[in-house]
Amino acid sequence: MSKTNAIVAASFAAATFTAVSASAETWDMPMAYSATNFHSATGAQFAECVTKGTGGALEIKTHPGGSLYAGAEIKRAIQTGQVNIGERLLSGHQNENALFGFDSVPFLATSFEDSEKLWEVAKGPLSELLDSQNLHLLYSVPWPGQGLYFDREVNTLADAEGLKFRAYNSASARMAELAGMLPVQIEAAEISQAFATGVAQGMVSSGSTGYDRKVWESLSHYYGVDAWMPRNYVMVNKDAWNGLDDATKNVMNGCASIAEYAGDWRSIQYTEFTVNELAKNGMTTGPASDALAGELREIGATMTAEWLEAAGDQGKAIVDAFKAAQ
Ligand code: PCA
Numbered sequence: 026m027s028k029t030n031a032i033v034a035a036s037f038a039a040a041t042f043t044a045v046s047a048s049a050e051t052w053d054m055p056m057a058y059s060a061t062n063f064h065s066a067t068g069a070q071f072a073e074c075v076t077k078g079t080g081g082a083l084e085i086k087t088h089p090g091g092s093l094y095a096g097a098e099i100k101r102a103i104q105t106g107q108v109n110i111g112e113r114l115l116s117g118h119q120n121e122n123a124l125f126g127f128d129s130v131p132f133l134a135t136s137f138e139d140s141e142k143l144w145e146v147a148k149g150p151l152s153e154l155l156d157s158q159n160l161h162l163l164y165s166v167p168w169p170g171q172g173l174y175f176d177r178e179v180n181t182l183a184d185a186e187g188l189k190f191r192a193y194n195s196a197s198a199r200m201a202e203l204a205g206m207l208p209v210q211i212e213a214a215e216i217s218q219a220f221a222t223g224v225a226q227g228m229v230s231s232g233s234t235g236y237d238r239k240v241w242e243s244l245s246h247y248y249g250v251d252a253w254m255p256r257n258y259v260m261v262n263k264d265a266w267n268g269l270d271d272a273t274k275n276v277m278n279g280c281a282s283i284a285e286y287a288g289d290w291r292s293i294q295y296t297e298f299t300v301n302e303l304a305k306n307g308m309t310t311g312p313a314s315d316a317l318a319g320e321l322r323e324i325g326a327t328m329t330a331e332w333l334e335a336a337g338d339q340g341k342a343i344v345d346a347f348k349a350a351q
């Protein structure tokens with residue numbers, strides 16, 4: 026039996042048991058990105074899998090687009106038990122602990138294969154860190170590689186000097202600063218308006234987010250630089266997790282494995298599709314000029330040194346283990 030078939034079989038074997046053993050419960054699941062985004066689609070299928078797999082004993086209801094809690098509030102809401110489950114950008118917490126930014130170290134892991142290898146070595150320390158914050162890590166899916174968006178042609182950083190640059194985590198804000206731009210922290214759910222009103226004039230993000238938010242309405246250029254591949258993760262309040270019976274935990278774990286697999290697949294498929302859509306909708310897309318790519322490499326080296334300094338021995342251990350796995 027394949028791994029996925031085994032998971033499905035285990036889920037449904039568990040379901041029969043759970044359906045008669047637990048009383049019905051509903052968990053709201055806040056998610057930060059739009060309903061059509063591939064992470065949200067994956068989360069919706071995960072929720073359906075758990076609901077069906079437990080025979081309705083545990084119903085999970087997703088709330089995409091930051092509609093229940095805005096992205097920046099989701100982790101705290103779960104930690105404090107206002108909701109039991111939710112999804113957030115892992116590197117969104119880098120200001121709490123540098124380790125959270127392992128996936129946004131520039132040019133460290135820039136392919137899906139490397140992102141997976143990096144996750145393999147980072148998953149343990151990250152799970153422990155989350156556990157110490159009353160959170161149980163369930164699954165994680167990477168975004169496609171991060172490129173640069175602008176409302177103008179940018180051949181070197183001098184062309185972008187002083188621009189307001191939309192940031193979504195510490196790394197994107199630091200990149201803006203080192204590039205001579207002005208970072209403005211804005212959730213993905215708010216960016217269409219921010220670009221339309223001139224609150225921001227550029228950003229680093231995936232083709233996926235540009236496509237989801239139709240940024241071609243305000244921006245004109247996308248440079249595929251593959252700066253890093255940040256991850257979203259789904260977490261559960263630890264007390265709520267510990268309160269589940271083993272059968273329900275089995276269903277959750279089975280559905281999480283399927284979600285991770287399906288999410289990875291969607292992210293890969295979405296990479297080319299979304300960049301093509303940006304072009305179809307009038308944006309100029311392509312690689313950065315050699316000069317711009319060189320400037321970004323220098324910024325990346327500075328950021329890597331800064332991150333290693335901030336993340337200490339644990340950070341170094343992740344990077345060393347990743348390099349050893351190459
Ligand atoms: N989209 C998210 C994070 C990374 C990405 O590709 C965003 O722009 O907020």
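All letters in the sequence shown, in the order written, are residues 26 to 351 by our numbering.
Yeah, the Cβ is synthetic: ideal placement off N, Cα and C, and Gly gets one too.
Everything numeric in this text was worked out from a predicted model, so none of it was measured.
- Put simply, the backbone Cα of F71 is about 14 Å away from that of A60.
- Between ligand 1 and the CB of Q70, the shortest heavy atom gap is not smaller than 7 Å.
- Distance from the C-beta of Q171 to the nearest heavy atom of ligand 1 is below 7 Å.
- In the DSSP assignment, E84 is bridged to T51.
- Take V166, set aside five residues on each side of it, and the residues of its chain with a beta-carbon closer than 7 Å to its own are H64, T67, R256, N257, E285, G288, D289 and S292, in chain order.
- Of the candidates K341, M277 and V344, the residue whose Cα lies closest to the Cα of T79 is M277.
- V130 carries a coil assignment under DSSP once its states are collapsed to helix, strand and coil.
- A183 is positioned such that its CB atom lies no closer than 8 Å to that of F175.
- Within the chosen limit of 7 Å, ligand 1 reaches the beta carbon of W168 through at least one heavy atom.
- S197 sits buried, since 16 or more C-beta atoms from the chains shown fall within 10 Å of its C-beta.
- DSSP lists no bridge partner for M200.
- Short note on A102: C-beta not closer than 7 Å to any heavy atom of ligand 1.
- DSSP places L143 inside the alpha helix (DSSP H), whose first and last residues are F137 to D156.
- For T79, the three-state secondary structure derived from DSSP is coil.
- Taking C-alpha positions only, P55 is separated from Q351 by approximately 36 Å.
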